[in-house]
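*Asks:*
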Amino acid sequence: GDSVTQMEGPVTLSEEAFLTINCTYTATGYPSLFWYVQYPGEGLQLLLKATKADDKGSNKGFEATYRKETTSFHLEKGSVQVSDSAVYFCALKGAGTYKYIFGTGTRLKVLA
Amino acid sequence: SQTIHQWPATLVQPVGSPLSLECTVEGTSNPNLYWYRQAAGRGLQLLFYSVGIGQISSEVPQNLSASRPQDRQFILSSKKLLLSDSGFYLCAWSMTGESGQPQHFGDGTRLSIL
């Protein structure tokens, strides 16, 4: 079945450092891909999405590119801030399905 | 614009008591609706989803049930809570039809069983 694999956390960075959180997936066909962010005690918020190969999703300085050849959707940000500290989830939705498949989440901690 | 409401935000219940968590969506019609549970520091476990009124799909056999009495209302229930039912419960919705539609989540209910 479909699956999403995220890098293990926690990831600890200094403010203004470069961020990469790896995400790879297994799916048949062409799924849609998503990144969500969860702040403590809150629900998940959509951060960005991509729906076809080579699409780049971007929002609030975060970017991720849908790489079909490597089945990856890595999240990047050039300069992180303390306020980016949260848990980040990679997810996919297969074509013709109702279910969304989530990775286990990666906790990011940014130090001032 | 669409909004999703979950309540209560926090709930403390004794073992063996009943449960009812509610979720409503505004600003859209015929959404797909979902209930997830998130254990502390863990990922999301899909419990139920619904593609229409009265249509419920269960993902994990357990002590919980779900109902969808109205188009934009989704209820999670239990007749007798277990200690293992503790967790953070999230309701979500997505639009039907188009591919590539994301899920939108409520603020969650933190359930503690004593």
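One line per chain: the protein sequences are A and B, in this order. If you count by our numbering, then the first sequence holds residues -1 to 110, one letter each, in order. If you count by our numbering, then the second sequence holds residues -4 to 109, one letter each, in order. Think of the CB as a built atom: it goes at the ideal place given N, C-alpha and C, for glycine as much as any other residue. Note that this is a predicted model, so its numbers are computed, not measured.
Do B:A34 and B:S45 have their C-beta atoms closer together than 8 angstroms?
*Replies:* Going by C-beta atoms, B:A34 is not nearer than 8 angstroms to B:S45.
*Asks:* I need the DSSP call for B:S73, collapsed to helix, strand or coil.
*Replies:* Three-state DSSP puts B:S73 in a strand.
*Asks:* Okay, do the segment 82 to 91 of chain A and the segment 28 to 39 of chain A touch, 3+ Cβ pairs below 8 angstroms being the bar?
*Replies:* A contact exists between the segment 82 to 91 of chain A and the segment 28 to 39 of chain A.
*Asks:* Between the segment 54 to 69 of chain A and the segment 0 to 19 of chain B, are three or more C-beta pairs nearer than 8 angstroms?
*Replies:* Contact fails: fewer than three Cβ-Cβ distances are below 8 angstroms.
*Asks:* Look at A:F114 and A:Y23 and say whether their C-beta atoms are less than 8 angstroms apart.
*Replies:* Not covered by the structure: residue 114 of chain A. The range shown for chain A is -1 to 110.
*Asks:* Output yes if chain D places a C-beta closer than 8 angstroms to the C-beta of A:F100; else output no.
*Replies:* The structure shown has no chain D; the protein chains it does contain are A and B.
*Asks:* Can you name the start and end residues of the beta strand (DSSP E) that A:G55 belongs to?
*Replies:* Here the beta strand (DSSP E) through A:G55 covers K54 to N57.
*Asks:* Identify, in the order they occur along the chain, each residue of the same chain with its Cβ nearer than 8 angstroms to the Cβ of B:I48, setting aside the five sequence neighbours on each side.
*Replies:* Hits under 8 angstroms: R63, P64, Q65 and D66.
*Asks:* Note down the Cα distance separating B:Q57 from A:G55, rounded to an integer number of angstroms.
*Replies:* Between B:Q57 and A:G55, the C-alpha separation is close to 37 angstroms.
*Asks:* Establish whether the CB of B:F100 and some CB of chain A are separated by less than 8 angstroms.
*Replies:* Yes, B:F100 lies at the interface with chain A (some Cβ there is under 8 angstroms from its Cβ).
*Asks:* Hey, could you find the ends of the beta strand (DSSP E) B:P63 is sitting in?
*Replies:* What sits at residue 63 of chain B in the sequence shown is Arg, not Pro. Per DSSP, B:R63 belongs to the beta strand (DSSP E) from S60 to Q65.
*Asks:* Quick check: the segment 11 to 25 of chain A against the segment 70 to 87 of chain B, are there 3 or more CB pairs under 8 angstroms?
*Replies:* No contact exists between the segment 11 to 25 of chain A and the segment 70 to 87 of chain B.
*Asks:* Spatial neighbours of B:E21 within its chain, please: C-beta separation below 6 angstroms, excluding the five flanking residues on both sides.
*Replies:* The answer, listed in chain order, is T(-2).
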